[in-house]
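Heads up, the thing below is written out as structure tokens.
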Amino acid sequence: MREELTKQKNANTALQAELDATRAGKPRVTPSSDDGNEAMRAQVIETRRQLLRTQTENTEVNARLDPLENELESLRDKPVASQRESDDRLTQAEDLQLEVERLQSSLMIAKGGREETLLEKLSNENITLRRENERLSYKINLLLGEPTFG
């Protein structure tokens, strides 16, 4: 559209210059030159109308384009925010699961129903550390943009 606008402006300028040169260089002697001037004037007027239409269309298109660009930008941001929120909730769920397991173990010990041996404590701690390692690996993969399998 800008190319069309530029082309119309150039045509308008050229016609105006030609009209000015015709007026300055040749006195009105014959009626045929007057007809030529009228044709030029009509062409200049039509070119100006086309220029105004093109400018109006350009303004309208720009007015419609700005909101669309803003909407596109906001749509691009939504998946990133959703992924972050999903990751945060997954982390919270994992943390809560670990807390539940810890509280269950504490409850069993408090009831006196079962005393953990050193081996059981180490085993539970090992399980907890593995889960923590998996959770951190998952986060690292998300940050690096690598897909996770499994």
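Taking UniProt numbering, the leading residue of the sequence shown gets 1, the next gets one more, and so forth. Note that CB positions come from ideal geometry on N, CA and C, so glycine has one too. From a predicted model like this one, the values you see are computed outputs, not experimental measurements.
Just the Cα atoms here: how many angstroms apart are residue i and residue j?
i      : j      : result
Leu38  : Met1   : It is Glu, not Leu, that sits at residue 38 in the sequence shown. Near 29 Å, if we compare the C-alpha coordinates of Met1 and Glu38.
Glu132 : Asn70  : 40 Å
Arg48  : Leu142 : 58 Å
Arg135 : Leu72  : 33 Å
Ala14  : Ser82  : 57 Å
Lys139 : Pro67  : 35 Å
Ala24  : Ile45  : 20 Å
Glu94  : Ser74  : 30 Å
Output yes if chain E places a C-beta closer than 8 Å to the C-beta of residue i; else output no.
i     : result
Arg53 : Going by chain labels, chain E is absent from the structure shown, which holds only one protein chain.
Could you tell me which of the options sits nearest to residue i, measuring between CA atoms?
i           : options                       : result
Gln43       : Asn58, Leu65, Leu19, Glu57    : Leu19
Gly145      : Glu101, Ser106, Leu119, Arg84 : Arg84
Arg41       : Glu57, Glu60, Gln16, Lys9     : Gln16
residue 161 : Ser86, Leu119, Leu5, Ile127   : Only positions 1 to 150 of the chain appear in the structure, and residue 161 is not among them; the question remains open.
Using three-state DSSP, classify residue i as helix, strand or coil.
i    : result
Leu1 : It is Met, not Leu, that sits at residue 1 in the sequence shown. Here Met1 sits in coil by DSSP.
Near residue i, what residues of its chain come up, given a Cβ to Cβ distance below 8 Å and the 5 sequence neighbours on each side ignored?
i    : result
Gln8 : Thr47, Gln50, Leu51, Thr54
Check your understanding: In chain order, which alpha helix (DSSP H) runs of at least 4 residues are fully inside the UniProt region "Disordered" (1-92)?
Key -> Assignment of alpha helix (DSSP H) within the UniProt region "Disordered" (1-92), counting only whole runs of 4 or more residues, yields 2-25 in chain order.
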